[in-house]
């Protein structure tokens with residue numbers, strides 16, 4: 332729903348709210364049968380044991396540390412689950428999106444127009460993709476993966492305008508200046524240990540202790556683009572236009588990639604974890620990236636948005 336109000340002198344304001352509900356989203360679900368054999372000190376999640384169809388050995392393959400049950404008896408030694416994964420694609424995930432927007436607009440008059448837009452939003456879902464790398468961390472409770480979406484952006488501001496030259500001077504007339512400023516809060520990212528700590532044979536979905544899905548805090552984004560154009564009339568309805576465009580004019584570094592594999596780090600205040608003994612393996616509950624470490628180190632930035640780019644152009648309209 333939306334409400335618009337004319338403020339006079341070419342200005343208008345709009346207030347809107349958007350709610351979007353997604354149901355029956357496809358997600359992979361590990362449907363192997365499990366029994367609980369303990370609790371992981373690294374994740375706080377149950378350590379599980381696949382009991383489906385027993386176990387078997389693979390010649391030449393080192394032991395994976397599994398203790399599997401077969402015919403009611405517990406087997407020890409170099410045994411592996413009969414199935415490394417039994418994923419069933421189910422239409423069972425949900426998503427929720429709330430967004431409130433305030434917009435101020437001035438229609439073009441007196442040589443300029445303005446558009447200002449602010450959005451306050453929140454996106455929640457239960458799965459990122461139907462790729463099996465995004466299986467729920469706890470196969471016994473897939474609802475635990477309900478969290479902020481990877482594309483959640485709480486705040487977003489866009490300011491844009493168009494200014495035309497009011498001068499009649501031959502050197503200053505026919506200029507058009509179009510700036511646009513974009514700012515947005517950081518998007519969340521998922522913390523991973525990088526090893527299988529709950530014994531479900533999956534390496535890419537185990538998180539540090541107490542860390543929910545997508546609890547990492549991404550970096551804010553700021554960008555300023557501008558376009559300057561000048562038209563030279565050749566004949567009626569024919570003109571030559573020279574343009575200069577600058578993207579990320581102030582050359583700000585906007586980090587957008589991060590090494591989210593933090594190993595068996597512990598979340599701060601998880602004092603009951605005997606493996607959490609030193610400051611070097613403790614992270615906060617909502618960690619951020621650091622430009623003081625290499626891209627291969629935990630929480631090091633791995634990529635950034637494009638640096639400043641300048642573009643010149645010539646166009647003939649007829």
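Residue numbers (my numbering): 332 to 649. We treat Cβ as the ideally placed atom computed from N, Cα and C, and that holds for glycine. Keep in mind the model is a prediction, meaning the values are calculated, not measured.
Can you give the beta carbon distance from residue 455 to residue 427, rounded, assuming they're within the 8 Å contact cut?
Translated into positions along the chain shown, residue 455 becomes position 124. Translated into positions along the chain shown, residue 427 becomes position 96. Contact annotation, residue 455 with residue 427: C-beta distance approximately 5 Å; criterion of less than 8 Å satisfied.
Where do the ends of the beta strand (DSSP E) carrying residue 556 lie?
Here residue 556 refers to the residue found at position 225 of the chain shown. Run containing residue 556: 552–566, per the beta strand (DSSP E) assignment.
Check whether the Cβ atoms of residue 496 and residue 503 lie closer than 8 Å to each other.
Working through the chain shown from its first residue, we reach residue 496 at position 165. Working through the chain shown from its first residue, we reach residue 503 at position 172. In this structure, residue 503 lies closer than 8 Å to residue 496 by Cβ.
Which residue's Cα is closest to the Cα of residue 559: 487, 375, 533, 642?
For the purposes of this step, residue 559 is taken as the residue at position 228 of the chain shown. Just measuring C-alpha positions, the residue of 487, 375, 533, 642 sitting nearest residue 559 is 642.
When you compare the segment 460–474 with the segment 430–442, are there three or more beta-carbon pairs, one atom per stretch, that lie closer than 8 Å?
No, because fewer than three Cβ pairs between the segment 460–474 and the segment 430–442 fall closer than 8 Å, the two stretches do not touch.
On the three-state DSSP scale, how would you describe residue 459?
Walking along the chain shown from the start, residue 459 turns up at place 128. DSSP places residue 459 in coil when its eight states are reduced to three.
8 Å is my cut-off, CB to CB: does residue 520 come that close to chain D?
This model lacks chain D altogether; it includes just one protein chain.
Option nearest residue 521 by Cα separation, candidates 576, 592, 420
Locating residue 521 in the chain shown gives position 190, where the first residue counts as 1. Nearest option by C-alpha distance: 592.
Does the beta-carbon of residue 626 have 16 or more other beta-carbons within 10 angstroms, so that it is buried, or is it exposed?
One-based indexing of the chain shown puts residue 626 at position 295. Exposed: under 16 other Cβ atoms inside 10 Å.
Would you list the one or two residues that DSSP bridges to residue 515?
Within the chain shown, numbered from 1, the residue matching residue 515 stands at position 184. In DSSP, residue 515 forms a bridge with 487, 552.
Quick check: what's the CA-CA separation for residue 351 versus residue 473?
Reading the chain shown from its first residue, position 20 is the one you call residue 351. Reading the chain shown from its first residue, position 142 is the one you call residue 473. For residue 351 and residue 473, the gap between their C-alpha atoms comes out near 22 Å.
Go ahead and pull the three-state DSSP assignment for residue 474.
Counted from its first residue, the chain shown places residue 474 at position 143. Correct three-state label for residue 474: helix.
How should residue 365 be labelled, buried or exposed, when 16 other C-beta atoms within 10 angstroms of its C-beta is the threshold for buried?
Position 34 of the chain shown, counted from the first residue, corresponds to residue 365. Residue environment for residue 365: buried (at least 16 other C-beta atoms within 10 angstroms of its C-beta).
Just to confirm before moving on: does the CB-CB distance between residue 544 and residue 452 stay below 8 Å?
Walking along the chain shown from the start, residue 544 turns up at place 213. Walking along the chain shown from the start, residue 452 turns up at place 121. Cβ distance not < 8 Å, so residue 544 and residue 452 don't count as in contact.
Decide if the segment 560–579 is in contact with the segment 616–624; the criterion is three or more beta carbon pairs, one per stretch, under 8 Å apart.
Remark: fewer than three beta-carbon pairs, one from each stretch, lie closer than 8 Å, so the segment 560–579 and the segment 616–624 are not flagged as touching.
Out of 484, 440, 476, 362, which one is the CA nearest neighbour of residue 421?
Counting from one through the chain shown, the residue named residue 421 turns up at place 90. Considering only alpha carbons, the answer is 362.
Quick one: residues in its chain with C-beta nearer than 6 Å to the C-beta of residue 631, no 5 flanking neighbours on either side, listed in chain order?
Taking the chain shown and counting its residues from 1, the one referred to as residue 631 is at position 300. Cβ-Cβ distances below 6 Å link residue 631 to 590, 624, 625 in the same chain, with the five nearest sequence neighbours on each side left out; the list follows chain order.
What span of residues does the beta strand (DSSP E) with residue 359 cover, start to end?
Within the chain shown, the letter at position 28 stands for residue 359. Taken as a continuous stretch (DSSP letters only), the beta strand (DSSP E) holding residue 359 covers 342–361.
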